[in-house]
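For the sequence shown, the working numbering assigns the number 109 to the initial residue and increments by one for each residue that follows.
Where is the CB? At the ideal position from N, CA and C, for every residue including glycine.
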Amino acid sequence: MPIPDTLPSTLPCAESLNEVSEIENADSSAVESVQFSPDGSKIVSGGASGTIKVWDAGTLELKWSKEFAHDGYVYSVVFSPDGKTIVSGSMDKTIKVWEMRPFLNSEWEEVDISAMPKNKYGCLCVGNVEIDHWYTRKNYWRNKVTGSNEKQQPNRGILELKTEKQNAHDCNVLSVVFAPDKRTIVSASGDIHRHGGSNTIKFWDATTLKLKTEKQNAHSSYIWSVALSPDGKTVVSGSADKRIKVWAYPCLPDNFRLYPSSIRTLITFSFMVLLAKGLSSDVVLEILKRTW
């Protein structure tokens, strides 16, 4: 069917939306955040139960799941630009980056708890398995590669924690997003900063979650949402103060101004190379002046 040269003058109204699929009880509590993967094949969800799940976008079949991913509401979950990892932000003040591992039956082993010591209540608690599970005296399943535990025999992929930043903000992490280059993660919160700042937007290294820079007092109230432009140079934020703000932030590697030591190192190296070529110091300084 050929694509029309012009779009219709009016878009379909909301009443014309047709429900394609639905999954009930997608979370044991409220579903706080959802997002499509970049290729549209998957949907990630974060819930008030602290659980993160990844669904097949066409069938809503559960493909990956991580119970107790956070110790509180998962307010925000997003895919990386390549769709291979997920970043999450939570009420527990942490930011976590997850890798989607495929299901391999050979990685799992059943652990017999019958011979394990129990407390005075006859209960055990192993890893992230709920205590009340042990009243049933059932075995659990351990992943021999990651060490994670599950109540029931797994039949789907797992989300493996790659890195995390505890106390990323002084309050709930309300929104997280990957930069288009996948090297930076932006987060927002409603902070009460110990040094007087509040309602902060922060920029993190996506691999190490080391803080790159931050903007304190970005809003006068909680920042509920942040997003980046496709080129990664502009950030937009929305807040409970009823404002939308747009911020300029140069993409790496153009933001050398944030790292003055990098400039000093590069200038020093250039100076040494030019001197080694037999040029006088006066000539070298003139070249550097014109270059920098």
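Check: Whole runs of the beta strand (DSSP E) within the segment 119-181, excluding any shorter than 3 residues; Outcome: 139-144, 150-155, 160-164 and 170-174
Check: Assigned secondary structure, N307 (DSSP; H/G/I helix, E/B strand, else coil); Outcome: coil
Check: Contacts around S184, its chain only, beta-carbon distance under 6 Å, and the 5 residues preceding and following it disregarded; Outcome: S141, G197, S283 and V284
Check: Pairwise C-alpha distance: Q261 and D164; Outcome: 21 Å
Check: Same chain only: Cβ atoms within 8 Å of T159, ignoring 5 sequence neighbours per side; Outcome: D135, S136, S173, K174, E175, F176, A177 and V182
Check: T292 - containing beta strand (DSSP E), residue span; Outcome: T292 to S297
Check: T321, enclosing beta strand (DSSP E) - first and last residue; Outcome: L319 to K323
Check: 7 Å Cβ shell around S149 - same chain, five flanking residues per side excluded; Outcome: A165
Check: Member of F144, K310, S256 and S328 whose CA lies at the smallest distance from the CA of I194; Outcome: F144
Check: Rounded C-alpha distance that separates H277 from S297; Outcome: 7 Å
Check: CB contact flag (F187, R264, <7 Å); Outcome: no
Check: Min CB distance T308 to chain D below 7 Å; Outcome: No chain D is present in this structure, which holds just one protein chain.
Check: Residue nearest to A348 in terms of C-alpha spacing, selected from F311, N307, W249 and N213; Outcome: N307
Check: Test item: CB-CB of P288 and G340 under 7 Å; Outcome: yes
Check: 7 Å Cβ shell around D147 - same chain, five flanking residues per side excluded; Outcome: G191
Check: Check whether V330 and V343 have beta carbons under 7 Å apart; Outcome: The amino acid at residue 330 is misidentified as Val; the sequence shows Tyr. No. Outside cutoff.
Check: Backbone secondary structure at S214 - three-state DSSP; Outcome: helix
Check: Residues bridged to S196 (per DSSP); Outcome: V185 and K204
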